[in-house]
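Chemist: First to last, the sequence lines map onto chains A and B. Its first residue numbered 3, the first sequence is counted upward by one per residue in the numbering used here. Its first residue numbered 78, the second sequence is counted upward by one per residue in the numbering used here. For every residue, glycine included, the Cβ atom is placed at its ideal position computed from N, Cα and C. Encoded as structure tokens, here's the structure I'll be asking about.
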Amino acid sequence: MVNIPARPLALLAGLVLLAAASLVLALHAGIVPVDWHQLWATLTGDGHGLAREVVLELRLPRAGAAFAAGALLAVAGALMQVLVRNPLADPYILGVSGGAATGALGAMLLGLGGSWPAAGAFGGALLSTAGVFGLARRQGNWSPTRLLLTGVVVAAGWGAAVSFMLAVSPSQGLRGMLFWLMGDLSAAGDPRPALVVLAVGLAIATAIARQLNVLAHGELPAAALGVAVERMRITVYLLASLLTAVAVTLAGSIGFVGLVVPHILRLLGLRDHRVLLPGAALLGGALLTAADTLARTAFAPRQLPVGVLTALLGVPLFLYLLGRSRVTVR
Amino acid sequence: MALLATEKLAVRIADVRVCNGLDLAVDAGQCWCVLGRNGVGKTTLLHTLAGLAAPAAGTVSMEGMALQDAPSTVRARHLGLLLQDHSDPFPATVLDTVLIGRHPHLGLWGWEGPDDYRRAREALAAMGLAGFEQREIHTLSGGERRRVGLATLLTQDPAVYLLDEPTNHLDLHHQIRLLEQLGAHARATGKALVMVLHDINLAARFADRFLLLFGDGECLHGDAQAMLQEGHLQRLYRHRLIPVSVSGTTAWLPE
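Here you go:
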């Protein structure tokens, strides 16, 4: 019998509303004015003219990309934190985004446009994932500490490669590279593949969520309680890396969402991964969608990279919750 | 059939031979105590008995089923392990921590039901932690955290309790109370206890079977009369222990 306690359920319902509100706002706000009637008409299928085009062709794909990227990063962050048993872990800690950045910036440096930077990002992310996995497991012993050390060192290597490319890049290419590194949705492609990955990934993550609850207490206790720890860690590592790779390919390396969204939810009392993970998808998606709407509109017609705004929105929210919380966070 | 048995079990840690050719049968209602110096491999032996480490040779079986053939959740319903220490990097309430003991009893999509909550609350009450349900785990003292670990194990409700220094961090009152409770629980419900203890007097008072690990691969096991002898204990601890009779029971005083 499903017996979800009432409070997490109420919180999840609140997050659904928040996510919906962020999406509606993203479709409404922008340089071209679209009033609520026009928006409603467009969404129900009888809109027309410029408003319809702007909403369906421009704002909807972009809002979808923002939501997908934020949700993917937040879920990946929650998974990584359990995997390395470290609350300070984020989706990038094991070098996935470093590999992606090297691939994307490499494509830009070679003057390749179109979908090449995205392809480079995805390739680099997968390469980094496989490399860290292989190196950390080579001696058959991959404790969370060993995995963390391997990942952090590989990430530092990618960081050097990125710095090198920035240093040798002709100055007209620098702006695009910096925007990519800060995370930027203005060049995001079709969000539908990412949304599919999000749905499948979230389903898998939720299916293993109770095992993650146990694993969060340590590998030996988890093994003693019947969790197949080795298989679970491989699953979590590959899943978190894939989700991160897809997010980074879509939107560049947006910081902060993946680290902080799981903590915001824990401070609100969602600790059970069966509700924490769907909650992370909703809050991460909502936060990034709101941040991107602000990035598009605050200094319009100039657009800011969304990565600037995620921290700007997230830092005060997190500090407020931390200060309000009766829970001492170690 | 024995709740837990070993056949020609050999356990090694690097160069240390923990045991060789060990044939053990742990029956319902028994309380076993593993004794030995630091580093002779008591913990590793316990982990091997729990199915978390592979033996160098021989087999461990529960009710006739070899551990390596048992699905991990079946094993976890039968064998419960209390680790020497706990670490909690993520915030959690006491009740949620105790509830993870129900994990092996639930299906893939299963959620804890009223019966699971009842077991968790009863286990907390049995460990003297009624009213601690909503406390944050890291606000507890070392002894309270230890009792939460024991309550988690009671919630898991295995047939064999493998306890690695269960009295760690506990005050004298709670040490005695815990061992009395566990012993009574085991006898009343047909469970078995296998625990590592360092206090020979606590062991003598509560255990009825002893396994002595000498650190060179040799081990002895048997009842109190056969095992708790001056010669054995001196060899075990490399320290002389003197038996003293106090109101009808024997206490061991280190020289």
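Anyone know if the C-beta pair for alanine 169 of chain B and isoleucine 214 of chain B falls short of 7 Å?
Modeler: Contact: yes.
Chemist: Rounded to the nearest angstrom, how far is the Cβ of phenylalanine 181 of chain A from that of proline 307 of chain A, given a contact under 8 Å?
Modeler: 5 Å
Chemist: Output the residue ranges of the alpha helix (DSSP H) runs that lie fully inside the region 235-305 of chain B and measure 4 residues or longer, sorted by chain position.
Modeler: 249-266, 277-283 and 301-304
Chemist: Apply the 10 Å Cβ neighbour rule to asparagine 215 of chain A and answer buried if 16 or more other Cβ atoms are within range, or exposed otherwise.
Modeler: Asparagine 215 of chain A counts as buried, since at least 16 other C-beta atoms from the protein chains shown sit within 10 angstroms of its C-beta.
Chemist: Let me see if you follow: with CB-CB separation under 7 Å, is methionine 3 of chain A close to chain B or not?
Modeler: Since pLDDT at methionine 3 of chain A reaches only 41, below the 50 mark, its modelled position is unreliable, and no value is offered.
Chemist: Over the uninterrupted alpha helix (DSSP H) stretch that includes tryptophan 38 of chain A, give me the two end residues.
Modeler: In the DSSP assignment, tryptophan 38 of chain A falls within the alpha helix (DSSP H) that extends over 38-45.
Chemist: Closest Cβ-Cβ distance between leucine 222 of chain A and chain C: below 7 Å?
Modeler: This model lacks chain C altogether, as its protein chains are A and B.
Chemist: Can the beta-carbon of proline 93 of chain A be found closer than 7 Å to that of alanine 73 of chain A?
Modeler: no
Chemist: At the level of alpha carbons, what is the spacing between glycine 178 of chain A and glutamine 213 of chain A?
Modeler: 42 Å
Chemist: With a cut-off of 8 Å on the beta carbons, I'd call leucine 227 of chain B and leucine 159 of chain B a contact; round off their distance for me.
Modeler: 6 Å
Chemist: Along the chain, where does the alpha helix (DSSP H) containing methionine 167 of chain A start, and where does it finish?
Modeler: 146-170
Chemist: Looking only at its chain, what residues have a beta carbon closer than 7 Å to the beta carbon of valine 36 of chain A, apart from the 5 residues adjacent to it on each side?
Modeler: His30, Ala53, Val56 and Val57
Chemist: If the criterion is Cβ atoms closer than 7 Å, does the pair alanine 28 of chain A and threonine 295 of chain A meet it?
Modeler: yes
Chemist: Tell me the rounded alpha-carbon separation between glycine 271 of chain A and glycine 309 of chain A.
Modeler: Within the model, the alpha-carbon separation for glycine 271 of chain A versus glycine 309 of chain A is close to 27 Å.
Chemist: Is glutamate 199 of chain B helix, strand or coil when you go by DSSP?
Modeler: helix
Chemist: Rank A:Val18, A:Pro280, A:Ser99 and A:Leu278 by C-alpha distance to the C-alpha of leucine 183 of chain A and give the top, closest one.
Modeler: A:Ser99
Chemist: Taking the alpha-carbon positions, what's the alanine 105 of chain B to valine 262 of chain A distance?
Modeler: 50 Å
Chemist: Determine, using beta carbons only, whether histidine 182 of chain B comes closer than 7 Å to chain A.
Modeler: no
Chemist: Using alpha carbons as the reference points, say which of B:Ala328, B:Glu189 and B:His250 lies closest to proline 7 of chain A.
Modeler: B:Glu189
Chemist: Count the other CB atoms within 10 Å of the CB of leucine 318 of chain B; is the residue buried (16 or more) or exposed (fewer)?
Modeler: buried
Chemist: At 9 Å on the CB atoms, spell out the chain B contacts of valine 268 of chain A, in chain order.
Modeler: It should be noted that the sequence gives arginine, not valine, for residue 268 of chain A. Neighbours of arginine 268 of chain A on chain B, chain order: Phe167 and Pro168.
Chemist: For chain B, check one thing: does any of its Cβ atoms lie closer than 7 Å to the Cβ of proline 146 of chain A?
Modeler: no
Chemist: Measure how close the beta-carbons of leucine 288 of chain B and valine 111 of chain B come, nearest whole angstrom, since I'm counting them as under 8 Å.
Modeler: 5 Å
Chemist: Compute the beta-carbon to beta-carbon distance between histidine 265 of chain A and alanine 211 of chain A, rounded to the nearest angstrom, for a pair I have assumed lies under 8 Å.
Modeler: Actually they are not in contact, since the Cβ atoms of histidine 265 of chain A and alanine 211 of chain A sit about 17 Å apart, beyond 8 Å.
Chemist: Which bits of chain B does proline 89 of chain A rub up against, with CB to CB less than 7 Å?
Modeler: Pro166 and Phe167
Chemist: Which chain B residues sit within Cβ distance under 7 Å of glycine 228 of chain A?
Modeler: Residues of chain B passing the Cβ test: Ser149, Thr150, Arg152, Ala153, His180 and Pro181.
Chemist: As an exercise, report each continuous beta strand (DSSP E) stretch of at least 3 residues that is fully enclosed by the region 100-165 of chain B, in chain order.
Modeler: 108-112, 134-139 and 156-159
Chemist: Just the Cα atoms here: how many angstroms apart are glycine 191 of chain A and proline 223 of chain A?
Modeler: 44 Å
Chemist: Using Cβ-Cβ distances below 8 Å, what residues of the region 223-235 of chain B are close to chain A?
Modeler: Those residues of the region 223-235 of chain B that come within reach of chain A (Cβ to Cβ, closer than 8 Å) are Gln233.
Chemist: Quick check: threonine 232 of chain B and arginine 196 of chain B, are their CB atoms within less than 7 Å of each other?
Modeler: yes
Chemist: Relative to the alpha-carbon of glycine 257 of chain A, which residue among A:Ile95, A:Val18 and A:Leu85 has its alpha-carbon at the smallest distance?
Modeler: Considering only alpha carbons, the answer is A:Ile95.
Chemist: Kindly say whether alanine 127 of chain B, judged by its beta-carbon, lies nearer than 7 Å to any beta-carbon of chain A.
Modeler: yes
Chemist: Arginine 273 of chain A versus chain B: which residues are under 9 Å apart at the beta carbon?
Modeler: Correct list: Phe167, Pro168, Ala169, Thr170 and Asp173.
Chemist: Mind checking which residues open and close the alpha helix (DSSP H) that includes serine 322 of chain B?
Modeler: No alpha helix (DSSP H) contains serine 322 of chain B, which is instead part of the beta strand (DSSP E) from 318-323.
Chemist: Identify the contact partners of arginine 235 of chain A in chain B, using a Cβ-Cβ distance below 8 Å as the criterion.
Modeler: Within 8 Å Cβ-Cβ: nothing; arginine 235 of chain A doesn't reach chain B, min ~14 Å.
Chemist: Counting pairs of beta carbons, one from the region 79-93 of chain B and one from the region 136-147 of chain B, are three or more of them closer than 8 Å?
Modeler: yes
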